[in-house]
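Taking it in order: structure first as structure tokens, then the write-up.
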Amino acid sequence: MNDKATAADNQLSDDAIIEIKGMHKWFGEFHVLQDINLTVQKRERIVICGPSGSGKSTLIRCINRLEEHQRGSIVVDGIELTNDIKNIEKVRTEVGMVFQHFNLFPHLTIVENLALGPIWVRKVPKKEAEETAMYYLEKVQIAEQAQKFPGQLSGGQQQRVAIARSLCMAPKVMLFDEPTSALDPEMIKEVLDVMIDLAREGMTMLVVTHEMGFAKSVAHRVLFMDYGQIVEQNTPDEFFDNPEHDRTKLFLSQILH
Amino acid sequence: MDNTTTIDAKSSVKPPVSSVGVVGWARANLFNSWFNSILTLLTLLLLWKVIPPFVNWAFIDSLWWSTSAECKAAEGACWSIIPAKYRYILFGLYPYDSQWRPFLAIIILIGLLFYSRNRAHWKKSLAYAWLVGLILMGLLLRGGILGLASVESTLWGGLPLTLLLSVFGLTAAYPLGVLLALGRQSEMPAIKSICIIYIEMIRGVPLITLLFMSSIVFPLFLPEGVSINAILRAQVAIIMFTAAYIAEVVRGGLQGMATGQFEAAESLGLNYYQTMRLVILPQALKIVIPPTVSQLISALKDTSLVVIIALYDLLKTTQTTLSDPDWMGFSSEAYIFVALIYFACCYFMSSYSRRLEEELDTGL
Ligand SMILES: Nc1ncnc2c1ncn2[C@@H]1O[C@H](COP(=O)(O)OP(=O)(O)OP(=O)(O)O)[C@@H](O)[C@H]1O
Ligand SMILES: [Mg+2]
Numbered sequence: 242m243n244d245k246a247t248a249a250d251n252q253l254s255d256d257a258i259i260e261i262k263g264m265h266k267w268f269g270e271f272h273v274l275q276d277i278n279l280t281v282q283k284r285e286r287i288v289i290c291g292p293s294g295s296g297k298s299t300l301i302r303c304i305n306r307l308e309e310h311q312r313g314s315i316v317v318d319g320i321e322l323t324n325d326i327k328n329i330e331k332v333r334t335e336v337g338m339v340f341q342h343f344n345l346f347p348h349l350t351i352v353e354n355l356a357l358g359p360i361w362v363r364k365v366p367k368k369e370a371e372e373t374a375m376y377y378l379e380k381v382q383i384a385e386q387a388q389k390f391p392g393q394l395s396g397g398q399q400q401r402v403a404i405a406r407s408l409c410m411a412p413k414v415m416l417f418d419e420p421t422s423a424l425d426p427e428m429i430k431e432v433l434d435v436m437i438d439l440a441r442e443g444m445t446m447l448v449v450t451h452e453m454g455f456a457k458s459v460a461h462r463v464l465f466m467d468y469g470q471i472v473e474q475n476t477p478d479e480f481f482d483n484p485e486h487d488r489t490k491l492f493l494s495q496i497l498h
Numbered sequence: 211m212d213n214t215t216t217i218d219a220k221s222s223v224k225p226p227v228s229s230v231g232v233v234g235w236a237r238a239n240l241f242n243s244w245f246n247s248i249l250t251l252l253t254l255l256l257l258w259k260v261i262p263p264f265v266n267w268a269f270i271d272s273l274w275w276s277t278s279a280e281c282k283a284a285e286g287a288c289w290s291i292i293p294a295k296y297r298y299i300l301f302g303l304y305p306y307d308s309q310w311r312p313f314l315a316i317i318i319l320i321g322l323l324f325y326s327r328n329r330a331h332w333k334k335s336l337a338y339a340w341l342v343g344l345i346l347m348g349l350l351l352r353g354g355i356l357g358l359a360s361v362e363s364t365l366w367g368g369l370p371l372t373l374l375l376s377v378f379g380l381t382a383a384y385p386l387g388v389l390l391a392l393g394r395q396s397e398m399p400a401i402k403s404i405c406i407i408y409i410e411m412i413r414g415v416p417l418i419t420l421l422f423m424s425s426i427v428f429p430l431f432l433p434e435g436v437s438i439n440a441i442l443r444a445q446v447a448i449i450m451f452t453a454a455y456i457a458e459v460v461r462g463g464l465q466g467m468a469t470g471q472f473e474a475a476e477s478l479g480l481n482y483y484q485t486m487r488l489v490i491l492p493q494a495l496k497i498v499i500p501p502t503v504s505q506l507i508s509a510l511k512d513t514s515l516v517v518i519i520a521l522y523d524l525l526k527t528t529q530t531t532l533s534d535p536d537w538m539g540f541s542s543e544a545y546i547f548v549a550l551i552y553f554a555c556c557y558f559m560s561s562y563s564r565r566l567e568e569e570l571d572t573g574l
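Note that the protein sequences, when read in sequence, are chains G and B.
Under my numbering, residues 242 to 498 are what the first sequence spells out, in order.
Under my numbering, residues 211 to 574 are what the second sequence spells out, in order.
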């Protein structure tokens with residue numbers, strides 16, 4: 242499985258889908274992101290790791306403007322993120338996001354959760370949207386739960402639904418913010434398996450995670466963040482075997498015991 | 211090895227008698243300490259002193275179909291005031307011969323309300339049914355076409371007036387309150403401050419003051435010769451007042467929403483209105499059903515304050531009935547009667563809301 246996921250590595254197209262240049266962000270006085278430069282190629286898969294509070298979530302949340310940056314530029318699929326709300330909405334339709342706590346809509350059934358975006362944002366007819374929803378539910382192996390409400394599902398199932406919900410919008414990029422860290426250990430694998438499938442199909446992915454096994458087998462690049470900066474980035478093999486910076490070494494020694 | 215046999219899923223051992231049944235219940239709830247035992251006995255004594263005399267008065271010594279003279283001689287309740295006077299209590303000054311019209315209007319309204327109780331009926335056709343129903347009710351009350359004699363709105367009174375003020379008041383106040391709550395959360399400073407000022411000003415003033423203002427102050431600002439119907443003015447005051455309270459209740463619901471819900475909706479590309487309408491409000495409004503219904507119930511009862519601007523609502527027509535020399539002194543009976551009508555309306559709302567809550571419960 243892992244071999245297949247990495248097999249596509251060589252075929253990275255070299256047109257960028259995300260370009261972040263000289264980006265800074267402050268929360269009040271607190272300089273949370275400092276001079277971020279990052280280019281993501283189409284079909285590229287990046288794992289972001291780093292200590293708690295280092296700004297990982299903030300970084301990927303800037304990419305779909307859940308957080309606003311104050312300096313520098315972020316261009317997603319040719320659209321620069323500014324205050325223009327139309328542009329922001331356009332970027333959001335192209336960028337899927339999966340949250341730590343799933344954030345499914347509890348008042349809607351699973352299939353309604355999935356169909357909501359396509360119906361209202363992409364203006365897809367309801368019937369067609371529900372068919373697409375069922376297709377993706379099959380894909381994350383949860384179709385039999387379609388008529389249930391999120392509250393009736395386990396954490397792992399909810400997270401798979403959340404991934405399927407994003408996929409229904411046919412996004413060009415998927416962002417994952419610690420998708421498995423709110424899950425009980427026995428459910429982590431079912432979610433990672435879905436993500437590995439997605440990787441195999443060539444989805445562009447930015448994943449904040451501490452699942453180093455996933456990083457090794459799926460990522461093209463691993464970024465290490467600390468104190469709001471990208472301290473180091475490298476291929477998974479190099480990153481884990483020969484970390485350059487002391488902070489990276491310290492971090493790795495703490496999470497890989 | 212022995213241990214495994216002691217765990218028997220179908221144990222036949224029964225709980226001790228004293229902890230089940232009536233005796234067990236009474237022991238656990240009424241006599242579980244000497245203090246509670248004394249309270250229980252005192253309560254029983256009080257009930258013994260109050261209930262039998264009331265039953266005597268209301269049902270045994272009471273008169274139901276007598277004249278007022280017979281009533282005055284009797285010991286018990288004189289319910290006869292209701293058959294004798296119900297037309298006036300229910301319809302006030304509305305011309306006697308035309309009172310079938312407001313009666314029919316009420317029947318239409320009750321029919322629509324009961325039909326709307328079932329959420330399966332919430333379709334577009336229901337909205338049209340309400341529209342047609344409301345127009346029909348208006349025409350019935352007003353007359354002036356199809357050979358119906360025209361009846362001035364100053365003669366409208368009693369139950370139709372109370373229901374009119376309540377139903378219109380609540381259905382208009384609710385969406386307005388939701389808008390005000392959203393406005394108060396808005397990031398646009400102008401909208402936000404207008405909503406805050408509105409809500410705080412209205413909440414700082416008793417409804418009576420608003421009603422006075424609508425009937426005395428407001429007309430001063432109208433150009434000469436223009437006058438607005440008194441009922442309409444009272445209606446507007448009730449809507450404005452109720453909306454401010456609903457707004458605060460709804461704001462509580464909005465604040466209770468997890469930010470993750472906003473973020474999930476936004477990250478799908480939904481815009482502000484879609485996020486609110488499809489994701490946030492359905493959840494927030496559901497959370498606040500109980501306090502919202504409390505507000506609506508108290509608004510319904512507050513419609514009785516319109517007497518102070520000389521409208522003849524249900525309570526006022528009852529009062530007026532009691533000034534009839536024949537029937538003076540039977541106020542308890544008449545007030546119990548209107549209390550039951552109010553109770554029926556309020557109970558309808560609260561039972562409906564309980565049902566709605568159950569239906570909307572999705573286990574999270
Ligand atoms: N809305 C906010 N307002 C102020 N400070 C914030 C806000 N959100 C995050 N921060 C702060 O910014 C810093 C970076 O937060 P961020 O959530 O990006 O960290 P993280 O790397 O994702 O950490 P974790 O591994 O704990 O999720 C933290 O110190 C956090 O306290
Ligand atoms: Mg985080």
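Glycine included, C-beta positions come from ideal geometry on N, C-alpha and C.
Please read all numbers here as calculations on a predicted model, not as lab measurements.
query	result
What are the boundary residues of the alpha helix (DSSP H) that includes residue 301 of chain B?	291 to 301
Taking residue 346 of chain G as the query, report the chain B residues whose CB atoms sit under 9 Å from its CB, ordered along the chain.	471, 474, 475, 488, 489, 492, 493
Can you pull the chain G residues whose beta carbon is under 8 Å from the beta carbon of residue 252 of chain B, in chain order?	Chain G residues near residue 252 of chain B: none, gap ~46 Å exceeds 8 Å.
Helix, strand or coil, according to DSSP, for residue 384 of chain B in the structure here?	helix
Assuming contact is defined by CB atoms lying nearer than 8 Å, are residue 322 of chain G and residue 406 of chain G in contact in what I supplied?	no
Less than 8 Å between the CB atoms is what I'm expecting for residue 299 of chain G and residue 309 of chain G, so what's the real figure, rounded?	Their Cβ separation, rounded to whole angstroms, is 11 Å, which puts residue 299 of chain G and residue 309 of chain G out of contact at 8 Å.
State yes or no: is the beta carbon of residue 463 of chain G nearer than 8 Å to at least one beta carbon in chain B?	no
Under 7 Å: does the beta carbon of residue 296 of chain G sit that close to some heavy atom of ligand 1?	yes
Here's a check: name, in chain order, each residue in its chain whose Cβ is nearer than 6 Å to the Cβ of residue 490 of chain G, leaving out the five neighbours to either side.	484
Take every Cβ of the segment 380 to 393 of chain G, pair it with every Cβ of the segment 337 to 356 of chain G, and state whether three or more of those distances are shorter than 8 Å.	yes
I'd like the span of the alpha helix (DSSP H) that includes residue 258 of chain B, first residue to last.	244 to 265
Mind checking if residue 249 of chain G is an interface residue toward chain B, Cβ cutoff 8 Å exclusive?	Its pLDDT being 44, under 50, residue 249 of chain G is placed unreliably in this model, and the coordinates cannot settle the point.
Are the CB atoms of residue 286 of chain G and residue 459 of chain G nearer to each other than 8 Å?	yes
Is the segment 472 to 479 of chain B in contact with the segment 499 to 512 of chain B, if contact means three or more CB pairs nearer than 8 Å?	no
Interface residues of chain G around residue 572 of chain B at Cβ under 7 Å?	347, 348, 390, 392
What is the DSSP secondary structure of residue 331 of chain B, reduced to helix, strand or coil?	helix
In chain B, what lies closer than 7 Å to residue 305 of chain G by C-beta?	477
Is residue 410 of chain G closer than 8 Å to residue 289 of chain G when the C-beta atoms are compared?	no
In chain G, what lies closer than 7 Å to residue 481 of chain B by C-beta?	330
Out of curiosity, what's the CA-to-CA distance linking residue 571 of chain B and residue 450 of chain G?	34 Å
Quick one: does residue 362 of chain G have its CB under 8 Å from some CB of chain B?	yes
In this structure, how does DSSP classify residue 306 of chain G when only helix, strand and coil are distinguished?	coil
Of all Cβ atoms in chain G, is any one closer than 8 Å to the Cβ of residue 330 of chain B?	no
Label residue 456 of chain G either buried or exposed according to how many other C-beta atoms from any shown protein chain fall within 10 Å of its C-beta, with 16 as the threshold for buried.	buried
Considering only the alpha carbon of each residue, which of G:479, G:481, G:487, G:461 lies closest to residue 472 of chain G?	G:487
Give me the chain G residues within the contact set of residue 395 of chain B, using Cβ-Cβ distance strictly less than 8 Å, ordered along the chain.	Within chain G, no residue comes near residue 395 of chain B; the closest Cβ sits about 17 Å away, beyond 8 Å.
In the segment 494 to 510 of chain B, which residues sit with their C-beta less than 9 Å from some C-beta in chain G, listed in chain order?	496
Residues of the segment 295 to 309 of chain B in Cβ contact with chain G at a cutoff of 9 Å, in chain order, please.	none
Who pairs with residue 474 of chain G in a beta bridge, going by DSSP?	G:464
Roughly how many whole angstroms lie between the Cα atoms of residue 534 of chain B and residue 421 of chain B?	28 Å
What residues match up with residue 282 of chain G in a beta bridge as DSSP calls it?	G:257
Is the beta carbon of residue 285 of chain B sitting closer than 8 Å to the one on residue 271 of chain B?	yes
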